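Before any comments, here is the structure.
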Amino acid sequence: MRRSAAPSQGSQAKRPRFNVPFKTPCQSEPAPVPLEAPKRDIILTPKLSANKITTQASNETKDKSEKGFTRCLSNNAPVDKKESGIISQENCAKPCRYFAVMWCKLSKKKHKKWEGDAVLVTQGRNATLYDIEGKVIGKATGYKCTELEALKEDESLAVGGKEIQVMSLMTEDHFKSGKCFSSFEGTVKEPTVPERNIVPVAEKSFVNPLKGESITSTYCVTPRHDPSAPDALVMPRPNAAHQWHHNKKGLPIVDVVVDPYLSVHLRPHQREGVTFLYECVMGFRNLSGRGAILADDMGLGKTLQCLSLIWTLYKQGPYSGKPIIKRALIITPGSLVKNWFLEIKKWLGTERLRAFAVSSDNRIEEFLNTSIYPIVIISYEMFVRVYEKLQSLQFDIIICDEGHRLKNNNIKTTSLIASLPTQRRVVLTGTPIQNDLQEFFSIVEFCNPGLLGSSASFKRVFENPIVASRQPNASAEDLELGAERGSELSRITKQFVLRRTQDINTKYLPPKCEVVLFCKPSDLQLRLYCQMLQGKMFRSCLRSDGATHLVCIGALKKLCNHPSLVFSKATQADECPEDIEEVKIPQVDSVYSGLFPIFPPGYKEEMYAVHHAGKLKVLSEILAQIHKVSEKIVIVSNHTKTLDILQQFCSNCGYGFLRLDGQTSTNIRQEIVTKFNSKHSVEKVFLLSSKAGGVGLNLIGASRLLLYDIDWNPANDLQAMARVWRDGQKRKIYIYRLLTTGTIEEKIYQRQISKQGLSGAIMDLKKKREAQFSLEELRDLFSLNENTECDTHDLLKCHCDGQGETGASLGIPPPQTERSCQLGAVPTAQKSKTLGMEELLDWKHISGNKLQEKKDWLLGDAHSCVTFGFWQETNKEKTATSEM
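Number 536 in UniProt numbering belongs to position 536 of the sequence shown; there are no gaps in the numbering.
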């Protein structure tokens, strides 16, 4: 009979003899036939050789302290320096193995207290331990390869001061995709419906509790609308698991049918969107949350899809037809509050659904004192001010329009909205990712809290590998891991994120012609530009890591718009002596040193001379031609001072105009838009600030749109373009983009299209380095190419000669090699720049002297001021069909 360990055996000196109770190394009797060892946990450490623990007895008597049999519970033993080179070679040659494990602190206790799940990765003689959030919590090296290769289920191992027990073997794909980290499963397993156990009870006679009373049905058991009607939009029915958890009373299941009054107007992609949103907010998609992100491109009808969802949930439900919601909250930018109110009135009318739009005239107190409004429409800014009053109300669903404003969890607006107890949350945005994945995480965290884990774990598991795979020097391993993690992130998010591009709506829209015009700078602009680049501020920012380059970039962009924008600063800089300039005047003024003498005598800031700016000369010709044919145009700029120049120009020329910028009251913004869209409006020009009105506005009264300056963020320009080319537009659309040839505007344009192309795809996963540029990038930006018709065309190495043909039609291959240092940039920067620009080869290229042939562009005599152009048409076949 085998004895258990006696208390006297607890000392360190005697303990090793009991490490292998089924056969000790001291036994010397022969054992020719191996005996199967009973299963038990074996703790392997770097000092322990697993191949010496066998069930076969040794034929020789061995000392108890023989090397290799010491059970060391610490893995801090150093590795022999002579073997380090061999270890690294072995690690590279050996494949990785992955295990799902449990872990706890290393201890001598018999009964372990496991602290959590983890993932163990072994390769060669190394082992790395990750927790469920992807954080490395233990590392060890010096194991024998045979030890780690023989590691299997139920065995134990000491790793970095922690003890693990193997639960199961894991595939490589499971680890690289990130599925092994439980925080990112994305879905919850569909619970099985338990069987109802019937407990026998004593038999007794049945007594009808409703005897003598008439039985009437309390619930409507028929659908509100006919599900069998032609083109009926029927929502999915709840599955068995959903019924088990949410239909405890056993109510009859009724089809939910979208009101035909709305569904008859829904296009196929909108019907799909309504169904998708319904499944998300009802919890049919087995997610751990009830939020959804509708990330359709601009102009695809996100508002109508949401109104269809709200109206359906307000009147119907799958369980006996009982409505799902009683009150909805719509949060939107201030300029769109009235637009939402008018959309509800347009599609449903006040007799069906009444909405309360909070404004300076309609105080929130009026809504609190009545119960006749099931919908509240409020701006983000107003919501913050009246949060304490709204906090007492119970909202069943929240709609956040232009939801990319929630891209930061740390701002007050996002935190207050997220604090509402409402689970059903829908975010509408055409640009879910503008700069980096962390912003996307913030939006997802608002919709479905906790679905992607914590911010730190999301960064480790997804963002860092994806960003690393997109670096120019990424290794093959980085590329593979980044692709796997990106694929897994896409798999998780597509369950609650729906995104469609303009392509699906193109067939419903009129033709569109996009024109990029490279405008020749004036002589005054060239002289000022050269003087700026030679200034000491520009030279110093190339030698320092400060934020002065942002000031320099802003100054160059102002000069490209019009020299008058830098005149006042140049005057201030000229009034201070050069030797005390850096001490007594602000840093921003020193950028303009030496510019004042270049301005002509008697120059005044308010002159706004047309011939002093190349882009303004082109715009003046376009406006003159548009005025003749009585068309309308929207002119977009990023800066209010530029809008001031354009406004003064329109006044001087007698062009009627309307203006909407950040100073325009939110109460009158919709009135301005309605007035401009009216066919009886005498104002033919709409001056629009891209920051104040670049999103959500419907300006279909105009058939032409002009982007006077360029934004670093391509999403802002795309949003502005979508103001005119959208549902309701009947005429062919012309979109102009003006760039000053050879200047920083061309460089920004090149960065835009190399970042995400011209297709309008804005799901860019590159991480933005905020306010940081490399030295080679600054050299590229702070350069002027005076001897070119189009720097961008030169970068393509296209030899079309501007005859109006595409580079692809001429058989010109995309640029594959680095070009010469034409922009002053290092070849590595040029290579990355050309990767996304090959799409320009599908555009038509036309030189300035050929522009006069394009009569429908209404350029007039602008061809003398334009050096080159790119253009392409969308839905061109519609034009041909209409002409026939």
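Every residue gets a Cβ at the ideal spot worked out from N, C-alpha and C, and that includes glycine. It should be emphasised that the depicted structure is a prediction, and the values quoted were computed from it without experimental measurement.
Practice item. Output yes or no for whether 8 Å exceeds the beta carbon distance between leucine 699 and asparagine 677. Key: Numbered from 1 along the sequence shown, position 699 holds the residue referred to as residue 699. Numbered from 1 along the sequence shown, position 677 holds the residue referred to as residue 677. Yes, these two residues count as a Cβ contact at 8 Å.
Check your understanding: First and last residue of the beta strand (DSSP E) that includes asparagine 677?
Key -> Stepping through the sequence shown from its first residue, residue 677 is reached at position 677. Element bounds for asparagine 677: not the beta strand (DSSP E) but the alpha helix (DSSP H), 666–677.
Check your understanding: Taking just the CA atoms, how far does alanine 100 sit from glutamine 750?
Key -> Walking along the sequence shown from the start, residue 750 turns up at place 750. Walking along the sequence shown from the start, residue 100 turns up at place 100. Approximately 47 Å between the Cα atoms of the pair.
Check your understanding: Under a Cβ-count criterion, where at least 16 other Cβ atoms within 10 Å of its own Cβ denotes burial, should valine 427 be classed as buried or exposed?
Key -> Within the sequence shown, the letter at position 427 stands for residue 427. Buried, since its Cβ has 16 or more Cβ neighbours within 10 Å.
**Study point:** Presumed contact (8 Å Cβ cut-off) between tyrosine 529 and leucine 559, rounded CB distance
**Key:** If you number the sequence shown from 1, residue 529 lands on position 529. If you number the sequence shown from 1, residue 559 lands on position 559. The Cβ separation is near 6 Å, so the contact holds.
Review point. For tyrosine 130, which beta-bridge partners are listed by DSSP?
Key: Here residue 130 refers to the residue found at position 130 when the sequence shown is read from its first residue. Note: tyrosine 130 sits in a beta bridge opposite Val119, Val136.
Practice item. Would you mind working out which of Phe870, Lys315, Trp340, Lys691 sits nearest glycine 848, comparing C-alpha positions? Key: In the sequence shown, the residue the question calls residue 848 occupies position 848. With distances taken between Cα atoms, glycine 848 lies closest to Phe870.
Review point. Hey, quick one: how far does the alpha helix (DSSP H) through histidine 845 stretch, first residue to last?
Key: Counting from 1 along the sequence shown, the entry for residue 845 is found at position 845. It is not in any alpha helix (DSSP H) - histidine 845 instead sits in the beta strand (DSSP E) that spans 844–847.
Check your understanding: Where do the N-terminal and C-terminal ends of the alpha helix (DSSP H) with isoleucine 344 fall, by residue?
Key -> As a working note, residue 344 is residue 344 in the sequence shown. Element bounds for isoleucine 344: 337–347.
Check your understanding: Thinking C-alpha only, which one of Tyr508, Leu646, Val467, Met235 is nearest aspartate 259?
Key -> As a working mapping, residue 259 is identified with position 259 in the sequence shown. For the residues Tyr508, Leu646, Val467, Met235, the minimum Cα distance to aspartate 259 belongs to Met235.
Exercise for review: Assuming arginine 485 and lysine 135 form a contact by the criterion Cβ under 8 Å, report the distance between their Cβ atoms to the nearest whole angstrom.
Suggested key: In the sequence shown, counting from the first residue as 1, residue 485 sits at position 485. In the sequence shown, counting from the first residue as 1, residue 135 sits at position 135. Between lysine 135 and arginine 485 the Cβ distance is about 15 Å, and since that is not below 8 Å, they are no contact.
Review point. According to the Cβ coordinates, are arginine 385 and tyrosine 373 closer than 8 Å?
Key: Counted from its first residue, the sequence shown places residue 385 at position 385. Counted from its first residue, the sequence shown places residue 373 at position 373. Contact flag unset, no.
Practice item. Can you say whether lysine 520 is buried or exposed, counting buried as having 16 or more other CB atoms within 10 angstroms of its CB? Key: Here residue 520 is taken as the residue at index 520 of the sequence shown, counted from 1. Label assigned to lysine 520: buried.
Review point. Is the stretch 315–322 in contact with the stretch 399–410, if contact means three or more CB pairs nearer than 8 Å?
Key: no
Review point. Which class does phenylalanine 782 belong to by DSSP, given the choice of helix, strand or coil?
Key: For the purposes of this step, residue 782 is taken as the residue at position 782 of the sequence shown. Of the three classes helix, strand and coil, the one that applies to phenylalanine 782 here is coil, per DSSP.
Practice item. Please classify glycine 291: does DSSP put it in a helix, a strand, or coil? Key: Taking the sequence shown and counting its residues from 1, one reaches residue 291 at position 291. Here glycine 291 sits in strand by DSSP.
Exercise for review: Please work out which residues of its chain come closer than 7 Å, Cβ to Cβ, to leucine 524, disregarding the five sequence neighbours upstream and downstream, and give them in chain order.
Suggested key: As a working mapping, residue 524 is identified with position 524 in the sequence shown. Cβ neighbours of leucine 524 beyond the five flanking positions: Pro563, His612.
**Study point:** Neighbourhood of isoleucine 325 by C-beta distance below 6 Å, restricted to the same chain and skipping five residues each side
**Key:** Counting from 1 along the sequence shown, the entry for residue 325 is found at position 325. If we look at isoleucine 325 and ignore the five residues flanking it on each side, its Cβ neighbours are Leu313, Tyr314, Asp396, Ile397.
Point to revise | Which listed residue (Ser475, Ala474, Ser469) has its alpha carbon closest to that of residue 900 | key: Summary: the structure shown does not reach residue 900, with the chain confined to residues 1 through 884, and so no result is reported for it.
Exercise for review: Identify whether cysteine 865 lies in helix, strand or coil by the three-state DSSP scheme.
Suggested key: Taking the first residue of the sequence shown as position 1, residue 865 is located at position 865. Coil at cysteine 865, not helix or strand.
Practice item. Have a look at Gln647, Thr370, Cys552, Gly124 and flag the residue whose alpha-carbon is nearest the alpha-carbon of lysine 684. Key: If you number the sequence shown from 1, residue 684 lands on position 684. The candidate whose alpha carbon is nearest that of lysine 684 is Gln647.
Practice item. Could you say which of Asn464, Ile417, Phe462 lies nearest to proline 449 if we only look at CA atoms? Key: Within the sequence shown, numbered from 1, the residue matching residue 449 stands at position 449. When each option's Cα is compared against that of proline 449, the closest is Ile417.
Review point. Which residue comes first and which comes last in the alpha helix (DSSP H) that contains tryptophan 244?
Key: Taking the first residue of the sequence shown as position 1, residue 244 is located at position 244. Where tryptophan 244 is concerned, the enclosing alpha helix (DSSP H) stretches over 240–246.
Practice item. Quick one: give me the first and last residue of the beta strand (DSSP E) that methionine 607 is part of. Key: Here the question's residue 607 lines up with position 607 in the sequence shown. Methionine 607 -> no beta strand (DSSP E), and no H or E assigned at all.
Exercise for review: Kindly give me the distance between the Cβ atoms of phenylalanine 383 and threonine 414, rounded to whole angstroms, as I take these residues to be in contact under 8 Å.
Suggested key: As a position in the sequence shown, residue 383 is number 383, starting the count at 1. As a position in the sequence shown, residue 414 is number 414, starting the count at 1. Rounded, the Cβ-Cβ distance is 11 Å, inconsistent with contact.
Check your understanding: When you compare only the Cα positions, how much space is there between glutamine 719 and methionine 298?
Key -> In the sequence shown, the residue the question calls residue 719 occupies position 719. In the sequence shown, the residue the question calls residue 298 occupies position 298. The straight-line gap separating the alpha-carbon atoms of glutamine 719 and methionine 298 is approximately 7 Å.
Exercise for review: Mark threonine 741 as exposed unless 16 or more other C-beta atoms lie within 10 angstroms of its C-beta, in which case mark it buried.
Suggested key: Reading the sequence shown from its first residue, position 741 is the one you call residue 741. Answer is buried; the Cβ neighbour count reaches 16.
Check your understanding: For the beta strand (DSSP E) that alanine 355 lies in, which residues bound it at each end?
Key -> For the purposes of this step, residue 355 is identified with residue 355 of the sequence shown, where counting begins at 1. Alanine 355 -> beta strand (DSSP E) spans 355–357.
Check your understanding: When you compare only the Cα positions, how much space is there between alanine 702 and alanine 295?
Key -> Residue numbering aside, residue 702 sits at position 702 when the sequence shown is read from its first letter. Residue numbering aside, residue 295 sits at position 295 when the sequence shown is read from its first letter. Computed Cα separation, rounded: 26 Å.
Practice item. Quick one: using the 10 Å Cβ neighbour count with 16 as the cut-off for buried, is aspartate 801 buried or exposed? Key: Translated into the one-based positions of the sequence shown, residue 801 becomes position 801. Exposed is the call here.
Practice item. Whole angstroms is fine: what's the gap from asparagine 239's alpha carbon to serine 442's? Key: Numbered from its first residue, the sequence shown carries residue 239 at position 239. Numbered from its first residue, the sequence shown carries residue 442 at position 442. Going from the Cα of asparagine 239 to the Cα of serine 442 covers about 31 Å.
Practice item. Identify whether alanine 232 lies in helix, strand or coil by the three-state DSSP scheme. Key: As a first step, residue 232 must be located in the sequence shown, where it is residue number 232. Looking at alanine 232 - three-state DSSP - the assignment turns out to be coil, as it is neither helix nor strand.
**Study point:** Per-residue DSSP class, three states only, for glutamine 803
**Key:** Residue numbering aside, residue 803 sits at position 803 when the sequence shown is read from its first letter. Residue state, collapsed to three classes: strand.
Check your understanding: DSSP on residue 938, reduced to helix/strand/coil?
Key -> Residue 938 falls outside the range modelled here, since the chain spans only 1 to 884, and no answer is possible.
Practice item. Would you check if the distance between the CB atom of leucine 705 and the CB atom of valine 724 is smaller than 8 Å? Key: The count along the sequence shown starts at 1 and reaches residue 705 at position 705. The count along the sequence shown starts at 1 and reaches residue 724 at position 724. Yes, they are a contact pair.
Practice item. Tell me whether leucine 169 is buried or exposed, calling it buried when 16 or more other Cβ atoms sit within 10 Å of its Cβ. Key: The residue labelled residue 169 in the question sits at position 169 within the sequence shown. Exposed is the call here.
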